[in-house]
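Colleague: First, the structure itself, so that you have it in front of you.
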Amino acid sequence: MDINEQITRFQTMAEADPNNELGHYSLGKALLEANRPEEAADSLERVLQLNGRYSKAYELLAAAQVRMSQEAAAIGTLKKGYVVAAERGDVMPKEAMAKTLLELGQQLPEVDTAVAGDSDTSGSTSGDGTFQCRRCGQAESRMEEAPFKGDLGAQVYAKICTRCWQEWVGMGTKVINELGLPLADPKAQEMYDQHMSEFLQL
Ligand SMILES: [Zn+2]
């Protein structure tokens, strides 16, 4: 599927379900890839309105703003995104945003080291035995077992709460329908898994 075809499909997905953060995120990412930063920025801002904890969306929004020569806006986005990524323990977006901030001659924002130290990639269990979900950051109920087999299933079980998983199941059905994915095709399965990882921010 070429980039313009992807853009068309993600546009359909974002329009059909305006509160679907994944549709806007995928659209923004594809628009940035197609070097359409103005439109990409609109989509990514929408993602952050829907979910202010989506660290990767800050990274991409800042990249779009840099391409539009909106340096001051990019710095603001990066500083907010850096703190969110540090708090969530999202190592890769955090490092990417730190690099860009330094390139723009900025200092890195202070982060609460107690929170930032919790940078392991799994969901954590606090003292009273409640499970903290990596995606929503809430102490939510944990799944009884991995939702499917394999490494990805184990990651989902380790990091994601029942509520976020159910949200994805609904979203995943939309992804299959909107993108017309034939899941018997290994490439389609790969794309589905990629969307799942992005939605759940694994
Ligand atoms: Zn959750």
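Numbering (our numbering), first residue to last: 2 to 203. The beta-carbon is built from N, C-alpha and C at its ideal position, and this holds for glycine as well. Being a predicted model, the structure only gives us computed values, none of them experimental.
Grab me the residues of lysine 95's own chain with a C-beta within less than 8 Å of its C-beta, minus the 5 sequence neighbours each way, in chain order.
Modeller: Closer than 8 Å at Cβ, skipping near neighbours: Ser56, Tyr83, Ala86 and Ala87.
Colleague: Considering only residues of the same chain and omitting the five flanking positions on each side of methionine 14, which have a CB-CB separation below 6 Å?
Modeller: Result list for methionine 14: Gly24 and Glu179, in chain order.
Colleague: Buried or exposed: which applies to threonine 78, given that a residue is buried once 16 or more other Cβ atoms fall within 10 Å of its Cβ?
Modeller: Buried, because 16 or more other Cβ atoms sit within 10 Å of the Cβ of threonine 78.
Colleague: Since phenylalanine 200 is in the alpha helix (DSSP H), which residue starts that stretch and which ends it?
Modeller: Its alpha helix (DSSP H) spans residues 187-201.
Colleague: Might you give, ordered along the chain, the residues of its own chain that have their beta carbon closer than 6 Å to the beta carbon of leucine 203, omitting 5 neighbours on each side?
Modeller: Here the set comprises Gln156.
Colleague: Would you please state the rounded distance, in angstroms, between the beta carbons of asparagine 5 and leucine 51? I believe it to be under 8 Å.
Modeller: 25 Å between Cβ atoms; not a contact.
Colleague: Would you decide whether proline 187 is buried or exposed? Buried here means 16 or more other CB atoms lie within 10 Å of its CB.
Modeller: It counts as exposed.
Colleague: Throw me the rounded Cβ distance for the serine 142 and cysteine 162 pair, which I believe falls under 8 Å.
Modeller: Their Cβ separation, rounded to whole angstroms, is 6 Å, which keeps serine 142 and cysteine 162 in contact under 8 Å.
Colleague: Can you list, in chain order, every residue whose CB sits closer than 7 Å to a heavy atom of ligand 1?
Modeller: Counting every residue whose Cβ lies closer than 7 Å to a heavy atom of ligand 1, we get Cys134, Arg136, Cys137, Gln139, Glu141, Ile161, Cys162, Arg164 and Cys165.
Colleague: Pick out the complete beta strand (DSSP E) segments inside the region 84-109, 3 residues or longer, and give them in chain order.
Modeller: The region 84-109 contains no whole beta strand (DSSP E) run of 3 or more residues.
Colleague: Under DSSP, the alpha helix (DSSP H) around glycine 181 begins and ends at which residues?
Modeller: Run containing glycine 181: none; DSSP gives neither H nor E here.
Colleague: Ignore the nearest five residues each way along the sequence and tell me which others in valine 112's own chain have a CB closer than 8 Å to its CB.
Modeller: Excluding positions up to five away in sequence, the list reads Tyr83, Val84, Ala87 and Glu88.
Colleague: Is glutamine 12 buried or exposed, if buried means 16 or more other CB atoms sit within 10 Å of its CB?
Modeller: The residue in question, glutamine 12, is buried, as its Cβ has 16 or more Cβ neighbours within 10 Å.
Colleague: Please look up how many angstroms separate the CB atoms of tyrosine 26 and glutamate 199, rounded, as I've assumed it's under 8 Å.
Modeller: Contact flag correct, Cβ pair sits at about 7 Å.
Colleague: Check whether the Cβ atoms of leucine 45 and glycine 29 lie closer than 8 Å to each other.
Modeller: Yes, these two residues count as a Cβ contact at 8 Å.
Colleague: Excluding the five sequence neighbours on either side, which residues of its own chain have a C-beta within less than 7 Å of the C-beta of alanine 31, listed in chain order?
Modeller: Closer than 7 Å at the Cβ level, and outside the excluded window around alanine 31, lie Ile4, Gln7, Ile8 and Phe11.
Colleague: Terminal residues of the continuous alpha helix (DSSP H) containing proline 38?
Modeller: That run of the alpha helix (DSSP H) goes 38-51.
Colleague: Which residues in the same chain have their Cβ closer than 7 Å to the Cβ of glutamine 66, if we skip the five residues on either side of it in sequence?
Modeller: Around glutamine 66: Ala42, Ala74, Ala75 and Thr78.
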